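Student: First the structure, then my questions, so here it is.
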Amino acid sequence: MPRKSVRWTIPAVLALAVGAAPIAFGSHQHTSGTSVSLLANTKAAAVDLTDPHEKDIAMQVVSSAENSSLDWKAQYKYIEDIGDGRGYTAGIIGFCSGTGDMLEVVQAYTDAEPGNVLAKYLPALRKVNGTDSHSGLDPNFPADWRKAATDTVFQQAQDNERDSVYFNPAVQQAKSDGLRALGQFIYYDAIVMHGPGNDASSFGGIRKAAIAKAKPPAQGGNETTYLNAFLDARKAAMKREEAHSDTSRVDTEQRVFLNNGNLDFTPPLSWHVYGDAYTISK
């Protein structure tokens, strides 16, 4: 199914210079005791996004935008070139041959299972990193990716890359900023689309722009006011790239949850993205 959104991945350590306790992205840094204390002073949440059920909900909502489906577990086999200048886009959150994270997934898979069907493409993936080239990948790489996707070891490699580069850092930063589950999801979805980084169109730049307009709860600000500022900043970043010009992912999805006061990201959830309607009942 055609992927409707793209993001530029920068698999490097972030050093965000603004806000409360910036998190090093791509690391396994834990939230400090101070951050936990600050979070405890906000309105108590039942669970956060690290709860397995909440995480599954987050994955479903992201998949609705990325793959026009709530069935995120069906996306391990997904692969196509969507013509965005990032080469092949594939897997559960759109790892790209041109941005480094696809290479990391295949390398991790090969470390765990040498001689797998994708191992032979590692030299080509190193060469095409940073480009939109398929050199050394065509014609069989997509078919081999789909074949590998039936292997639970490869699925785990995708899960690990998602968690270490995107999900865990996003949730850690959100907790440090004093945000509950909805804010944690909003951060995660932004990193999936825009990638970590400090430029204006990456997560760090979006967060910096938001903090310039409103303080996060960890700095004494109002959670809803801050998240509205973050979504405003993200929407501005989306409009700077043609591939992201449809902002329904913010307007008729995340802003709906926020306007409903659902800061704990609790089902039932109903939203529209790219014209399609979705509901998660529980």
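Going by mature numbering (1 follows the signal peptide of the UniProt record, and there is no 0), the letters in the sequence shown line up with residues -26 to -1, 1 to 256, in that order. The beta-carbon is built from N, C-alpha and C at its ideal position, and this holds for glycine as well. Just so it is clear, the structure is predicted and the values come from calculations on it, not from any experiment.
1. Can you list, in chain order, the residues of its chain with a C-beta nearer than 7 Å to that of alanine 186? Leave out the 5 residues immediately preceding and following it.
2. How is alanine 155 classed by DSSP in three states: helix, strand or coil?
3. Check the C-beta distance from glycine 131 over to tyrosine 52 and give it rounded, since I have them as a contact under 8 Å.
4. Using the C-alpha atoms, what's the distance from glutamine 34 back to valine 10?
5. Return the residue from the list Met76, Val224, His108 and Asp173 that minimises the CA-CA distance to glycine 157.
6. To which residues does DSSP link isoleucine 254 through a beta bridge?
7. Distance, Cα to Cα, alanine 144 vs isoleucine 165?
8. Is residue 261 helix, strand or coil by DSSP?
9. Run through the DSSP bridge pairs and tell me what glutamate 54 is partnered with.
10. Output the distance between the C-alpha atoms of lysine 256 and glutamate 78, rounded to the nearest integer angstrom.
11. Along the chain, which unbroken stretches of the alpha helix (DSSP H) at least 4 residues long are found entirely within the stretch 185 to 213?
12. Provide the residue span of the alpha helix (DSSP H) that contains phenylalanine 115, from first to last.
13. Leaving out the 5 sequence neighbours to the left and right, which residues in its chain are closer than 8 Å to asparagine 134 when beta-carbon positions are compared?
14. For phenylalanine 159 versus leucine 23, is the C-beta distance shorter than 8 Å?
15. On the DSSP letters alone, give me the boundaries of the alpha helix (DSSP H) that leucine 92 sits inside.
16. Which residue wins for smallest C-alpha separation from leucine 92, given the options Asp137, Ala183 and Val80?
17. Find the nearest neighbour of alanine 48 within the set Lys149, His168, Asp106 and Ser37, judged by alpha-carbon distance.
Tutor: Reading from the atomic positions:
1. none
2. helix
3. Checking the displayed sequence, the identity of residue 131 turns out to be alanine instead of glycine. About 15 Å separates the two Cβ atoms, so there is no contact after all.
4. Low local confidence applies: a pLDDT of 41 at valine 10 is under 50, so the model's placement there is unreliable, and no value is given.
5. Val224
6. Leu243
7. 7 Å
8. Only positions -26 to 256 of the chain appear in the structure, and residue 261 is not among them; the question remains open.
9. Thr63
10. 34 Å
11. 197 to 213
12. 115 to 122
13. Ala82
14. yes
15. Here leucine 92 belongs to no alpha helix (DSSP H), and DSSP marks it neither H nor E.
16. Val80
17. Ser37
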